[in-house]
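Visitor: If you use our numbering, the sequence shown corresponds to residues 18 to 328, in order.
Glycine included, every Cβ here is placed at the ideal spot set by N, Cα and C.
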Amino acid sequence: MTEHTRIAVPEERSLLERAAPRFEFAAPPVPRLPEATVAQPRATVVAPMVAALTASEAPRMAPLSFSGERHPIDRARLRVAGFIVPGEPVTALLEEFRLVKRQLMLTAAESRAGIGVPHGERILIASAHPGEGKTWVAVNLALAIAAEKDNEVLLVDADFAKPSVLSTLGLPGGPGLMDALADPALAVEDCVLGTDVPGLYVLPAGQTTHSDTEFLAAAHAARVLERLSAQSPSRLIIFDSPPVLAASPAAELASIVGQTLVVVRAESTGEAALKDALSLLSGCEDIKLLLNGVQFSPTGRRFGSYYGYGG
Ligand SMILES: Nc1ncnc2c1ncn2[C@@H]1O[C@H](COP(=O)(O)OP(=O)(O)O)[C@@H](O)[C@H]1O
Ligand SMILES: [Mg+2]
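1) From the DSSP output, which residues share a beta bridge with Q276?
2) Compare the beta carbon distance of L242 and A164 with 8 Å and say whether it is the shorter of the two.
3) Please identify the residue among I140, R129 and A93 whose C-alpha is closest to the C-alpha of I273.
4) On a Cα-Cα basis, can you pick out the residue from L270, F256, I304 and L308 that is closest to A159?
5) Could you check whether the segment 185-201 touches the segment 81-100, counting it as contact only if at least three pairs of C-beta atoms, one from each stretch, sit closer than 8 Å?
6) For N309, does the three-state DSSP call read helix, strand or coil?
7) Is H88 helix, strand or coil by DSSP?
8) Taking I255 as part of the beta strand (DSSP E), name the residues at either end of that continuous run.
9) Look at A145 and L306 and say whether their C-beta atoms are less than 8 Å apart.
10) If you count every other CB in all the chains shown that lies within 10 Å of the CB of E52, and 16 or more means buried, which is it?
11) Can you tell me whether N309 is buried or exposed? The criterion is at least 16 other CB atoms within 10 Å of its CB, across all chains shown.
12) DSSP state of V182, grouped into three classes?
13) Could you name the residues of the same chain whose beta carbon sits closer than 7 Å to that of V55, not counting the 5 residues immediately before and after it, in chain order?
14) May I ask you to check if the CB of N309 is nearer than 7 Å to at least one heavy atom of ligand 1?
15) Does the separation of the CB atoms of I90 and V279 fall below 8 Å?
16) Please look up how many angstroms separate the CB atoms of A283 and V261, rounded, as I've assumed it's under 8 Å.
17) Report yes if the C-beta of K151 is less than 7 Å from at least one heavy atom of ligand 2; otherwise report no.
18) Measuring straight from C-alpha to C-alpha, what distance separates E149 and V209?
19) What does the alpha-carbon distance come out to for the pair A289 and P259?
20) Between which two residues does the beta strand (DSSP E) holding V173 run?
21) Do the segment 214-232 and the segment 107-124 make contact, defined as three or more Cβ pairs closer than 8 Å?
22) Taking 7 Å as the cut-off, is the C-beta of P147 nearer than that to any heavy atom in ligand 1?
23) Within 10 angstroms of the Cβ of V107, are there 16 or more other Cβ atoms? Answer buried if so, exposed if not.
24) T230 lies in the alpha helix (DSSP H); which residues open and close that run?
25) Alpha carbons only, please: which of R240, F100 and A222 is nearest the one belonging to F180?
26) Am I right that A143 and A267 are in contact with their C-beta atoms under 8 Å? What's the rounded C-beta distance?
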């Protein structure tokens, strides 16, 4: 297969499900969501045991523990760029991300129960190349998680060379993850920005160095990451990754998270590039694929219009 072999998008399956068989990818079986659990577009499907997960989500989660100032999220900017907008009515886009979220939360819950991969609460959003939608997915996913009461999410900008989470959300700059990795005297939790969306926290990328990968691999990195979930074991931590084929930190990040969601841009990601990326990410035990920019809908409307690719 060459870089020019494009991915044909099969119909009538969820974004996660449809990506997997296309690449002979050994993903878990993905049954349909029971009708009674959530009213969803019919063709969108989530992971097994959704009912069980919903039950385990029921107890109130631990109180929020990051104490920094809360900054306003720029909702107008999100609206213009077509993201989920906190506080606005439920959209098809939010529904779609809720389904993705549930699958990831299921793995995180198993991990906490000691029956799955370690650190399933740490989720890397990766892709082979720039521009395939990593930040789009990471930000929307974090907003979808925070949109549900009592959920808590920390969105980490880990694209150290080209951070874009802060500008997407309209948040002020400040020290971040790489600074905390490089300077053991800096407490990483002090770099976390609170927002005016309850349950949504953001950790900036910090100053990039020539040794980003080495800092991530150092023993100190493990301690820094432990601190990010220490006071709230139910918190999900989403890492917006650099492009896998362009930057070595992505492979290192894959080895310190429990789950990796690989974004495949429908009709543009090359199959060979995806396979190379998957091989570089193999330090992560649980890799899921997500098709982005798909234009389909069981109702006859094209999801593309929701995603900003109307036509
Ligand atoms: N499904 C989508 N619908 C609308 N815009 C999208 C979608 N996916 C990505 N984008 C936009 O495409 C551009 C590139 O996506 P981005 O998330 O920044 O890529 P990456 O982080 O992989 O470099 C951004 O402007 C983003 O908002
Ligand atoms: Mg990005």
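Guide: Let me lay it out:
1) Here residue 276 refers to the residue found at position 259 of the sequence shown. Q276 pairs with I140 and D303.
2) Here residue 242 refers to the residue found at position 225 when the sequence shown is read from its first residue. Here residue 164 refers to the residue found at position 147 when the sequence shown is read from its first residue. Against a cut-off of 8 Å, the Cβ pair of A164 and L242 comes out as no contact.
3) Translated into the one-based positions of the sequence shown, residue 273 becomes position 256. In terms of Cα proximity to I273, the closest of I140, R129 and A93 is I140.
4) As a first step, residue 159 must be located in the sequence shown, where it is residue number 142. Selected option, being the one with the closest Cα: F256.
5) yes
6) Counting from 1 along the sequence shown, the entry for residue 309 is found at position 292. For N309, the secondary structure class from DSSP, reduced to helix, strand or coil, is strand.
7) Residue 88 sits at position 71 when you count from the first residue of the sequence shown. Three-state DSSP puts H88 in a strand.
8) Here the question's residue 255 lines up with position 238 in the sequence shown. Residues L253 to D257.
9) In the sequence shown, residue 145 corresponds to position 128, counting from 1. In the sequence shown, residue 306 corresponds to position 289, counting from 1. No, these two residues do not count as a Cβ contact at 8 Å.
10) Translated into positions along the sequence shown, residue 52 becomes position 35. Because the pLDDT of E52 is 27, which lies under 50, any placement of that residue in the model is unreliable, and the number read from its coordinates should be weighed accordingly. Label assigned to E52: exposed.
11) Here residue 309 refers to the residue found at position 292 when the sequence shown is read from its first residue. Counting Cβ neighbours within 10 Å, N309 comes out buried, since at least 16 surround it.
12) Here residue 182 refers to the residue found at position 165 when the sequence shown is read from its first residue. V182 falls in the helix class under three-state DSSP.
13) Taking the sequence shown and counting its residues from 1, the one referred to as residue 55 is at position 38. Reliability of the predicted coordinates at V55 is poor, the pLDDT of 27 falling under 50, and the value obtained from them is presented with this limitation in mind. The answer is none, since no qualifying residue turns up.
14) As a position in the sequence shown, residue 309 is number 292, starting the count at 1. Distance from the C-beta of N309 to the nearest heavy atom of ligand 1 is below 7 Å.
15) Walking along the sequence shown from the start, residue 90 turns up at place 73. Walking along the sequence shown from the start, residue 279 turns up at place 262. Their beta carbons are not under 8 Å apart, which means I90 does not touch V279 by this criterion.
16) As a working note, residue 283 is residue 266 in the sequence shown. As a working note, residue 261 is residue 244 in the sequence shown. The pair is not a contact, with the Cβ atoms about 18 Å apart (cut-off 8 Å).
17) The residue labelled residue 151 in the question sits at position 134 within the sequence shown. Yes - ligand 2 has a heavy atom lying nearer than 7 Å to the Cβ of K151.
18) Position 132 of the sequence shown, counted from the first residue, corresponds to residue 149. Position 192 of the sequence shown, counted from the first residue, corresponds to residue 209. Straight-line measurement puts the Cα of V209 at about 26 Å from the Cα of E149.
19) For the purposes of this step, residue 289 is taken as residue 272 along the sequence shown, with counting starting at 1. For the purposes of this step, residue 259 is taken as residue 242 along the sequence shown, with counting starting at 1. Straight-line Cα distance between these residues: approximately 18 Å.
20) Residue mapping note: residue 173 aligns to position 156 of the sequence shown, counting from 1. V170 to D174 is the extent of the beta strand (DSSP E) around V173.
21) As far as the Cβ criterion goes, the segment 214-232 does not touch the segment 107-124, which means the pair count is below three.
22) Residue numbering aside, residue 147 sits at position 130 when the sequence shown is read from its first letter. Inclusion of P147 in the 7 Å shell around ligand 1 follows from its C-beta lying nearer than that to a non-hydrogen atom of the ligand.
23) Position 90 of the sequence shown holds residue 107. Label assigned to V107: exposed.
24) Stepping through the sequence shown from its first residue, residue 230 is reached at position 213. Here the alpha helix (DSSP H) through T230 covers D229 to A234.
25) To locate residue 180, count along the sequence shown from 1; it is residue 163. Looking at the sequence itself, residue 180 is Pro, so the reference to Phe does not match. For P180, the nearest C-alpha among the options comes from A222.
26) Residue mapping note: residue 143 aligns to position 126 of the sequence shown, counting from 1. Residue mapping note: residue 267 aligns to position 250 of the sequence shown, counting from 1. Rounded, the Cβ-Cβ distance is 6 Å, consistent with contact.
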